[in-house]
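Report on the following structure.
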Amino acid sequence: MRFIGADLHKKSITFCAVEKDDNQIRVVQRQRILCSEAERMEAFLQKCMPCELTVEATIGYEWFAELASKLAQRVVLAHAGKLRIIAESTRKTDKIDAYVLAEFLARDMIPAAWRPTA
């Protein structure tokens, strides 16, 4: 099982896929994809299957969560305010944020946000 952290922005998404062996987290793949490249996102997720994915609850996350839900076994919407380690980090990069999301998902430590259903 792979665990994917997705750092979503207006124009791009940075992905980090990890695997967990015992208590060790190992990065297996990273990729930055433009939001306009849905086919590349789907191809990336297919390569990572089976997988679970998390993305922070930010403005405009809905389209991405919908796309990811088609391929990932589980999509967790992370509560950005409760995920303080990213918000308070002094070394903020998209790459680090995506890794932290993936690691927290692998360790089942994501503070989930409420996600409205259609």
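All residue numbers for the sequence shown refer to this note's numbering, where the first residue is 1 and numbers rise by one.
No residue lacks a Cβ here, since even glycine has one placed at the ideal position from N, Cα and C.
| Is it the case that the Cβ atoms of I25 and A106 are separated by a distance below 8 Å? | yes
| query | Looking only at DSSP bridge pairs, what is G60 linked to? | reply | None; G60 has no bridge partner.
| field | Beta-carbon separation (whole angstroms), Y99 vs V55, contact threshold 8 Å | value | No, Y99 and V55 are not in contact; Cβ-Cβ is about 14 Å, not under 8 Å.
| query | At what residues does the beta strand (DSSP E) containing A112 begin and finish? | reply | A112 -> no beta strand (DSSP E), and no H or E assigned at all.
| query | Between which two residues does the beta strand (DSSP E) carrying D21 extend? | reply | 12-21
| message | Bridge partners for E52 per DSSP, in chain order? | response | F3, R74
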